[in-house]
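Before any comments, here is the structure.
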Amino acid sequence: MAYTAPPSRSVFLGVDVGTGSARAGLFDENGKLLGSASSPIQIWKDGDCIEQSSTDIWHAICAAVKSACALANVACEEVTSLGFAATCSLVAVDADGSPVTVSWSGDARRNIIVWMDHRAVTQAERINSSNSPVLQYCGGALSPEMQPPKLLWVKENLKESWSMAFRWMDLSDWLSYRATGDDTRSLCTTVCKWTYLGHAHMQQINEKDSRNMEACGWDDDFWEEIGLGDLVEGHHAKIGRSVAFPGHSLGSGLTPAAAKELGLAVGTPVGTSLIDAHAGGVGVIESVPAAESEAKGDDNDAICHRMVLVCGTSTCHMAVSRSKIFIPGVWGPFWSAMVPEYWLTEGGQSATGALLDYVVENHVASPPLANRAASQRISIFELLNRILESMMNDLKAPFLAALTRDIHVLPDFHGNRSPIADPKSKGMVYGLTLDKSERQLSLLYLATVQGIAYGTRHIVEHCNSHGHKIDTLLACGGLAKNPLYIQEHADIIGCPLILPRESESVLLGASILGAVAAKKYSSLHDAMKALNAPGQVIYPSKDPRVKKYHDVKYRVFRELYEQQLSHRKTMAEAFA
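Per the working numbering, the very first residue in the sequence shown carries number -7; after that it's consecutive.
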């Protein structure tokens, strides 16, 4: 047999499907980004219903992968492995793998209920009134963004689709299935979004081949009780007969058809997927300067002092622990849903990047400001940050944050995910005037950033009061590129905030899944340590006035929600 020289380097490919685009990134063996590309995806919005198309998403992925390889000058045979991450959207396909509509419109393309879709609020309320034991593993209540309420909605409203659907899959699991033909689900998606009890597999972690595990963590009574008993049939074939740890090698790698579409080699190893935020966690949680990790002592415990903020359209707050910690209003504890053998606690804010966009774009001063930013080739947020700096100097404010002493924002414009778990909570702005200048918009923007950071402080304090020991934050995602956003978080929460060396943490996390599947590393945790690297560290202000100011403003923040509850009760009396 002729000897063929092995490729000169290992290149790990990660794919991330966000809300608005599919992205591909190529990394070397030091976790350094060689090149990335993105391709937009279609989205349909109609009130509470938000839908996408799996066919459209797959085409976008293929385009992004080919572009990334071309940009990075990487040949297809150099790509060692592939991993997927995606939003936790719900995909419906029939027995042939063709799309099944989940839309009132009946449009066959629209076979995905997007993660942020809130059509199933009443179904979630009904499920939560069942008080099933599985609910204690998601903070005591299912969110309408999780899959059981959405499945129940389809069964009750789209009967034809319900009978046609052969597989219901989380989007990241569908991607790995589309790539390999292997229907194995991830412990990340099933545990975090489908009420699967991952700790049913605790005994199997030591079985080194970490093979596909028969899905023994479904609670059949729960599905029967909520009216979805038909999903239990055929060993749960429609929702997952077998599960695997993230990074487990799927099938025989890329199928010939998928390899051709992606422009990669047949049989390229593919790892079991992660939800995008969880991939961000995997891509960043070991990005700590050596001094920080040495100071914490025991290596396996050091990771338990950290919380990762994955800040994009929404923000997810990821923390892990060795033992299970139940926290009301916070999702989890999820066993092995991010880092194998650790319990994951997952807080979140449903609208952060989306909220800042909304606040800025809906202000009358926004269009001229956007034009000015474009002519200076900077983002509108960078321009707002500069305006705030000059306001601080002009008004002789003691520090930047003090500019918002008269304006307070409760950022629950899309409900409160954590730690109150109240999807009915509404956004509030206190301190409006008739001023419609760009300076007023700058203040509103700063107060919104602070409101988001107070929300994160509330989550961190709540987790620590229930047994976590979080004292270091790491941040990744689009908002982590905004220095004002990061400094306000450090000042408000009062602990250092580490940014990773590579800004594309979700893509890195996805690529790590493939690297583990290709047996380049013995475990996911080893791969994280090898490929995560720290960048800048942002420390809280040392000025005691800054701390005092934020402590007081945080009190106002907490009172805003209490007032809202009281007003809600008062208004209910009008209809009693």
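Where a beta carbon is used, it is the ideal one built from N, C-alpha and C, also for glycine.
Model, not experiment: these values are computed from the prediction.
Only counting the same chain, and skipping five residues up and downstream in sequence, which positions put a Cβ closer than 6 Å to that of residue i?
i       : result
His227  : Arg233
Val300  : Gly273, Val276, Ile277, Met310, Leu466
Phe373  : Asn474
Ala(-3) : For Ala(-3), the pLDDT reaches just 42, beneath the cut-off of 50, and the residue's location in the model is therefore unreliable, leaving the point undetermined.
Lys512  : none
Gly527  : Leu491, Pro492, Arg493
Val441  : Tyr477, Glu480
Expressed to the nearest angstrom, what Euclidean distance is found between the alpha-carbon atoms of residue i and residue j?
i      : j      : result
Leu348 : Ala357 : 14 Å
Leu143 : Ala509 : 31 Å
Lys200 : Thr562 : Here Lys200 scores only 49 on pLDDT, less than 50, and its place in the model should not be relied on; the value that follows carries that caveat. Whole-angstrom Cα-Cα distance: 59 Å.
Val438 : Arg15  : Looking at the sequence itself, residue 438 is Leu, so the reference to Val does not match. The alpha-carbon atoms of Leu438 and Arg15 are separated by roughly 30 Å.
Asp404 : Pro415 : 9 Å
Phe4   : Arg118 : 44 Å
Leu424 : Gly345 : 22 Å
Ile231 : Asp40  : 24 Å
Ala29  : Pro136 : 32 Å
Ser315 : Ala366 : 50 Å
Ala249 : Ala100 : 23 Å
Ser2   : Asp8   : 20 Å
Gly321 : Ala52  : 36 Å
Phe158 : Leu223 : 10 Å
Asp48  : Gly245 : 22 Å
Asn377 : Ala60  : 32 Å
Arg102 : Tyr169 : 19 Å
Gly419 : Tyr350 : 12 Å
Secondary structure at residue i, three-state DSSP: helix, strand or coil?
i      : result
Asn363 : helix
His450 : helix
Lys200 : With a pLDDT of 49 at Lys200, under the threshold of 50, the modelled position of this residue cannot be trusted; read the value that follows with caution. Coil, per DSSP.
Cys468 : strand
Asp38  : strand
Glu551 : helix
Lys561 : helix
Ser27  : The sequence as given places Gly at residue 27; Ser does not occur at that position. Looking at Gly27 - three-state DSSP - the assignment turns out to be strand.
Gln528 : strand
Phe237 : coil
Thr11  : coil
Met520 : helix
Gly6   : strand
Ala311 : strand
Ser0   : coil
Leu74  : strand
Gly209 : coil
Asp86  : coil
Trp107 : coil
Gln556 : helix
Gly345 : helix
Glu43  : strand
Tyr513 : coil
Give the range of the alpha helix (DSSP H) segment to which residue i is assigned.
i      : result
Phe214 : 212 to 217
Pro475 : 475 to 485
Val274 : 268 to 276
Gly243 : Element bounds for Gly243: n/a, residue is neither H nor E.
Arg493 : Note, Arg493: premise wrong, no alpha helix (DSSP H); not H, not E.
Val113 : 113 to 120
Which stretch, first to last residue, makes up the beta strand (DSSP E) that contains residue i?
i      : result
His400 : 400 to 402
Met194 : Neither: Met194 is in no beta strand (DSSP E) and is coded neither H nor E.
Asp293 : Unbroken run through Asp293 is the alpha helix (DSSP H), 291 to 294; no beta strand (DSSP E).
Tyr169 : Here Tyr169 belongs to no beta strand (DSSP E); instead the alpha helix (DSSP H) covers 163 to 172.
Gln341 : 335 to 341
Pro325 : 323 to 327
Val300 : 298 to 303
Val57  : Element bounds for Val57: not the beta strand (DSSP E) but the alpha helix (DSSP H), 46 to 64.
Under 8 Å Cβ to Cβ from residue i, same chain only, skipping five residues before and after it: list those, please.
i       : result
Phe391  : Met384, Ser533, Asp535, Arg537, Val538, Tyr541
Ile485  : Ala445, Thr448, Arg449, Val452, Leu465, Pro532
Met(-7) : Bear in mind that the predicted position of Met(-7) carries a pLDDT of just 44, short of 50, making it too unreliable to give a figure here.
Who are the near neighbours of residue i in its chain, counting only those whose CB is closer than 7 Å to its CB and skipping five residues on each side?
i      : result
Glu353 : none
Gly10  : Thr79, Asp268, Gly304
Ala394 : Tyr541
Would the C-beta of residue i count as close to the ligand ZN, meaning under 7 Å from any of its heavy atoms?
i      : result
Lys561 : The ligand ZN is not among the ligands present in this structure, which contains no ligands whatsoever.
Notebook entry, point to check: Is the number of C-beta pairs between the region 444 to 464 and the region 254 to 265 that are closer than 8 Å three or more?
Noted result: No, they do not touch.
Note to self: Taking contact to mean 3 or more Cβ pairs, one atom from each stretch, closer than 8 Å, check whether the region 68 to 86 and the region 152 to 164 are in contact.
What the structure shows: Touching, yes, given that three or more Cβ pairs across the two stretches are closer than 8 Å.
Note to self: Check whether the region 323 to 343 and the region 140 to 159 are in contact - that is, three or more C-beta pairs closer than 8 Å.
What the structure shows: Judged by Cβ distances under 8 Å, the region 323 to 343 makes no contact with the region 140 to 159, as fewer than three pairs qualify.
Check: Is the region 67 to 74 close to the region 82 to 97, with three or more CB pairs under 8 Å?
Finding: Taking a cut-off of 8 Å on C-beta distances, the region 67 to 74 does not touch the region 82 to 97, as fewer than three cross pairs fall below it.
Checklist line | the region 183 to 192 contacting the region 128 to 139, beta-carbon criterion three pairs below 8 Å | finding: The answer is yes - the region 128 to 139 touches the region 183 to 192, with three or more Cβ pairs under 8 Å.
Margin query: Measuring CB atoms only, is the region 516 to 528 touching the region 500 to 508, in the sense that at least three cross pairs come out at less than 8 Å?
Written below: Under the three-pair Cβ rule at 8 Å, the region 516 to 528 counts as touching the region 500 to 508.
Item checked: Three CB pairs or more closer than 8 Å across the region 17 to 32 and the region 47 to 64 -> Because the criterion of three Cβ pairs below 8 Å is met, the region 17 to 32 and the region 47 to 64 touch.
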